[in-house]
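Read the structure below first, then the notes.
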Amino acid sequence: MSTKARAVWTVTALVQAVLGAAILVVLVLAWQLFAMPWWGWLAYGAVAAGYVAAMPAFRYRVHRWESTEEAVYTQTGWLTRERRIAPMSRVQTVDLEQGPLSRLLGLAAVTVTTASAAGPVKIEGLDFTVAERLVDELTRRTSAVAGDAT
């Protein structure tokens, strides 16, 4: 993982916190579904600030990936952890993605689609050059493995 991935996750957390506050404001002012006391706003602000401060750091500590001749291994999460293994014989496609913020910071994500019901394996927060190299490497490895990836 690139250390710049923390910046992307921090911005994402800030956007989520602001959207959450906007939804609360709309509910309170427009529809008057409930009255929000001052301490409720303070509590929301404290929880949102804690989320923005803690989530990127925890996520950075947990996110790992490795690619070998046999498989792609990932570990993701921050509250819960998920470990995934995608054997090369099951890989169907390898994609490189860049959102606007990631492009600005020189980051990319690699998505490895397999014949698994669990869905694709995604490696986020990679430096663009590392992601390009990984895509080339995985493409080479999967084409060398016999089978139909099903």
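First residue of the sequence shown: 13, per our numbering; consecutive thereafter.
Heads up, the beta-carbon is just placed ideally off N, CA and C, and yes, glycines get one too.
Next item on the list: Determine the DSSP secondary structure at residue 110, reduced to helix, strand or coil.
Entry: Taking the first residue of the sequence shown as 1, we reach residue 110 at position 98. Coil.
Next item on the list: Pair every Cβ in the segment 84-102 with every Cβ in the segment 125-138, then say whether three or more of these pairs are closer than 8 angstroms.
Entry: yes
Checklist line | Residue range of the alpha helix (DSSP H) that includes residue 23 | finding: Position 11 of the sequence shown, counting from 1, holds the residue named residue 23. Taken as a continuous stretch (DSSP letters only), the alpha helix (DSSP H) holding residue 23 covers 17-37.
Checklist line | Close beta carbons around residue 109, own chain, < 7 angstroms, minus the five adjacent residues each side | finding: To locate residue 109, count along the sequence shown from 1; it is residue 97. For residue 109, where only same-chain residues beyond five positions count, the Cβ hits under 7 angstroms are 120, 121 and 123.
Checklist line | Identity of the residues DSSP links to residue 87 by a beta bridge | finding: The residue labelled residue 87 in the question sits at position 75 within the sequence shown. Paired residue(s): 76 and 95.
Next item on the list: May I have the straight-line CA-CA distance separating residue 66 from residue 75, to the nearest angstrom?
Entry: Here residue 66 refers to the residue found at position 54 of the sequence shown. Here residue 75 refers to the residue found at position 63 of the sequence shown. Each residue's Cα considered, the two are about 14 angstroms apart.
Margin query: Please report the straight-line C-alpha distance between residue 130 and residue 49, rounded to a whole angstrom.
Written below: Mapped onto the sequence shown, residue 130 falls at position 118. Mapped onto the sequence shown, residue 49 falls at position 37. Looking at the two C-alpha atoms, the distance is approximately 43 angstroms.
Check: Just the Cα atoms here: how many angstroms apart are residue 60 and residue 52?
Finding: Here residue 60 refers to the residue found at position 48 when the sequence shown is read from its first residue. Here residue 52 refers to the residue found at position 40 when the sequence shown is read from its first residue. Taking the straight line joining both Cα atoms gives about 12 angstroms.
Checklist line | Residue environment, residue 69, which counts as buried when at least 16 other CB atoms sit within 10 Å | finding: On the sequence shown, position 57 is the one that residue 69 refers to. When all chains shown are included, residue 69 counts as exposed.
Check: Considering only residues of the same chain and omitting the five flanking positions on each side of residue 99, which have a CB-CB separation below 6 angstroms?
Finding: Taking the first residue of the sequence shown as position 1, residue 99 is located at position 87. Only 83 meet the Cβ criterion.
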